[in-house]
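*Asks:* My questions will all concern the structure given below.
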């Protein structure tokens, strides 16, 4: 399969990684009245790109670099350090749980699609490895570049929440897609910044935070009735 096709496959919202069950924090933002229409949705998605999108894309690109550039003796230790650094950047316990849950789902898909690839370098952390690290290894198995890896990660940051917005707010899906097209340059810019940052050691990777998103995630985790897992 051509590289371009593999990029589209991994960026497809139908890829079996469990993303459809998550709103990326949008459900809590809608419930709080902070996202009510297309304009506030656009601001929410731009904010995700600048925070969770940049961090996740940088760590995915760094994981890709670790398994394609580092020697076998240091891959495992580098990935373990990346996992610990990403854990430190994820302040909300609920979001750490979500990231590892999605990592397990993504790893299951990766093992089924690329059984010849080795994912044994991923840390055996309780709960599983963080999702961006698994994505980095999957993209490496698919022979995608570091820049393409960051693009997939940034793309995932906004498309899942945008799809959830159609269900949560009853928005016109055509208008939501037009909004995503309008954010394409921002998404590409975020991915490019993340790919460049992947050259830095793990402790110097982006640490952009969104405290309100952390608060919303913790509150959302306590709800007895909710449409999305996060």
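In this note's numbering, the protein residues as written are 5 to 234.
Note that the Cβ used here is the ideal one computed from N, Cα and C, for glycine as well.
Using three-state DSSP, classify residue 114 as helix, strand or coil.
*Replies:* In the chain shown, counting from the first residue as 1, residue 114 sits at position 110. Helix.
*Asks:* Please state the DSSP three-state secondary structure of residue 14.
*Replies:* Stepping through the chain shown from its first residue, residue 14 is reached at position 10. Here residue 14 sits in helix by DSSP.
*Asks:* Could you tell me if the beta carbon of residue 80 falls within a distance shorter than 7 Å of some heavy atom in the ligand GDP?
*Replies:* The ligand GDP is not part of this structure, which contains no ligands at all.
*Asks:* Alpha carbon to alpha carbon, how far is residue 87 from residue 124?
*Replies:* Here residue 87 refers to the residue found at position 83 when the chain shown is read from its first residue. Here residue 124 refers to the residue found at position 120 when the chain shown is read from its first residue. Each residue's alpha carbon lies about 14 Å from the other.
*Asks:* Measuring alpha carbon to alpha carbon, tell me which residue in 66, 39 and 8 is nearest residue 165.
*Replies:* Position 161 of the chain shown, counted from the start, is the residue given in the question as residue 165. Taking only the C-alpha atoms, the option nearest residue 165 is 39.
*Asks:* Give a yes or no on contact between the stretch 44-61 and the stretch 197-217, applying the rule of three or more CB pairs nearer than 8 Å.
*Replies:* yes
*Asks:* Identify every run of the alpha helix (DSSP H) within the stretch 106-163, keeping only runs that are complete inside it and at least 4 residues long; order them along the chain.
*Replies:* 135-145
*Asks:* For residue 19, does the three-state DSSP call read helix, strand or coil?
*Replies:* The sequence position of residue 19 within the chain shown is 15, counting from 1. If DSSP states are grouped into helix, strand and coil, residue 19 belongs with coil.
*Asks:* Comparing alpha-carbon positions, which option in 63, 8, 17 and 12 lies nearest residue 163?
*Replies:* Against the chain shown, residue 163 aligns to sequence position 159. When each option's Cα is compared against that of residue 163, the closest is 17.
*Asks:* Between the alpha carbons of residue 219 and residue 47, how many angstroms are there, rounded?
*Replies:* Position 215 of the chain shown, counted from the first residue, corresponds to residue 219. Position 43 of the chain shown, counted from the first residue, corresponds to residue 47. Approximately 18 Å between the Cα atoms of the pair.
*Asks:* Which of the three DSSP states, helix, strand or coil, is assigned to residue 81?
*Replies:* For the purposes of this step, residue 81 is taken as residue 77 along the chain shown, with counting starting at 1. The three-state reading of DSSP puts residue 81 in helix, counting H, G and I together.
*Asks:* The alpha helix (DSSP H) with residue 177 in it runs from where to where?
*Replies:* Residue numbering aside, residue 177 sits at position 173 when the chain shown is read from its first letter. From DSSP, the alpha helix (DSSP H) with residue 177 extends over 177-186.
*Asks:* Between the beta-carbon of residue 11 and the beta-carbon of residue 156, is there less than 8 Å?
*Replies:* Position 7 of the chain shown, counting from 1, holds the residue named residue 11. Position 152 of the chain shown, counting from 1, holds the residue named residue 156. Yes; because the gap between Cβ atoms is below 8 Å, this pair is in contact.
*Asks:* Would you mind working out which of 8, 126, 85 and 175 sits nearest residue 141, comparing C-alpha positions?
*Replies:* Here the question's residue 141 lines up with position 137 in the chain shown. Ranking the options by Cα distance to residue 141, first place goes to 126.
*Asks:* Start and end of the alpha helix (DSSP H) containing residue 59?
*Replies:* On the chain shown, position 55 is the one that residue 59 refers to. Where residue 59 is concerned, the enclosing alpha helix (DSSP H) stretches over 58-73.
*Asks:* List the whole-angstrom C-beta distance separating residue 102 from residue 26, where the pair is believed to meet the contact cut-off of C-beta under 8 Å.
*Replies:* Working through the chain shown from its first residue, we reach residue 102 at position 98. Working through the chain shown from its first residue, we reach residue 26 at position 22. So it is a contact: roughly 7 Å between Cβ atoms.
*Asks:* Going by the CB atoms, is the gap between residue 195 and residue 145 shorter than 8 Å?
*Replies:* Your numbering for residue 145 matches position 141 in the chain shown. Your numbering for residue 195 matches position 191 in the chain shown. Contact: no.
*Asks:* Quick one: what's got a C-beta closer than 6 Å to residue 90's C-beta in the same chain, skipping five residues either side?
*Replies:* On the chain shown, position 86 is the one that residue 90 refers to. Counting only Cβ-Cβ distances below 6 Å, and skipping sequence neighbours, we find 63 and 134.
*Asks:* Any idea what DSSP makes of residue 200, helix, strand or coil?
*Replies:* Here residue 200 refers to the residue found at position 196 when the chain shown is read from its first residue. The three-state reading of DSSP puts residue 200 in helix, counting H, G and I together.
*Asks:* Is the beta carbon of residue 104 less than 8 Å from the beta carbon of residue 132?
*Replies:* Taking the chain shown and counting its residues from 1, one reaches residue 104 at position 100. Taking the chain shown and counting its residues from 1, one reaches residue 132 at position 128. It is a contact, given that the beta carbons lie within the stated cut-off.
*Asks:* Could you check what DSSP says for residue 231 in three-state terms: helix, strand or coil?
*Replies:* Here residue 231 refers to the residue found at position 227 of the chain shown. Here residue 231 sits in coil by DSSP.
*Asks:* With distances taken from CA atoms, which of 224, 153, 99 and 108 is nearest residue 70?
*Replies:* Position 66 of the chain shown, counting from 1, holds the residue named residue 70. Of the candidates 224, 153, 99 and 108, the one whose C-alpha sits nearest the C-alpha of residue 70 is 153.
*Asks:* Classify residue 65 as buried or exposed, calling it buried when 16 or more other Cβ atoms lie within 10 Å of its own Cβ.
*Replies:* To locate residue 65, count along the chain shown from 1; it is residue 61. The residue in question, residue 65, is buried, as its Cβ has 16 or more Cβ neighbours within 10 Å.
*Asks:* Classify residue 106: buried if its beta carbon has 16 or more other beta carbons within 10 angstroms, exposed otherwise.
*Replies:* Against the chain shown, residue 106 aligns to sequence position 102. With 16 or more other Cβ atoms within 10 Å, it is buried.
*Asks:* Please report how far the alpha carbon of residue 202 lies from the alpha carbon of residue 82, in whole angstroms.
*Replies:* Here residue 202 is taken as the residue at index 198 of the chain shown, counted from 1. Here residue 82 is taken as the residue at index 78 of the chain shown, counted from 1. So the two alpha carbons sit approximately 12 Å from each other.
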